[in-house]
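Some notes on the structure that comes next.
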Amino acid sequence: MSSKATINARIDPATKAQALNILHSLGLNTTQAISLFFKQIIYTNGIPFELKLPNETTVETFRKTDSAQDLHRVSSVTELAKELKS
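For the sequence shown, the working numbering assigns the number 8 to the initial residue and increments by one for each residue that follows.
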């Protein structure tokens, strides 16, 4: 019989709900997802994704999009495709 360790974590409720929806669509529960994450930490000998701070351009872009500044709107996907091709 294998023993199990318990992990308690505090997380923003909205983040939890969004993550649980994604995990559910993948057929995973929280325990399975955390186990996968921990196994990847072991496998990669570190965090299994790159941790870095965004550059100034990215931060400014995030700020503008969060406040709906300088957004370019199109009325359809067709219009967007035409603009991207030109």
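We put the beta carbon where it would ideally sit given N, CA and C, even for glycine.
Short of 6 Å in beta carbon distance, which residues of its chain neighbour Lys89, apart from the five on each side in sequence? Order them along the chain. By 1-based counting over the sequence shown, the position of residue 89 is 82. Cβ within range, chain order: n/a, list empty.
Could you pull the start and end residues of the alpha helix (DSSP H) that Thr13 belongs to? Within the sequence shown, residue 13 is the residue found at index 6, counting from 1. Looking at the DSSP string, Thr13 is not in any alpha helix (DSSP H), and its letter there is neither H nor E.
Using only CA atoms, which one of Glu63, Val66, Gln47 lies nearest to Glu57? Locating residue 57 in the sequence shown gives position 50, where the first residue counts as 1. Selected option, being the one with the closest Cα: Gln47.
Would you report the Cα separation of Ser32 and Gln25, rounded to the nearest angstrom? Looking up residue 32 in the sequence shown gives position 25. Looking up residue 25 in the sequence shown gives position 18. Answer to the nearest angstrom: the Cα atoms are 11 Å apart.
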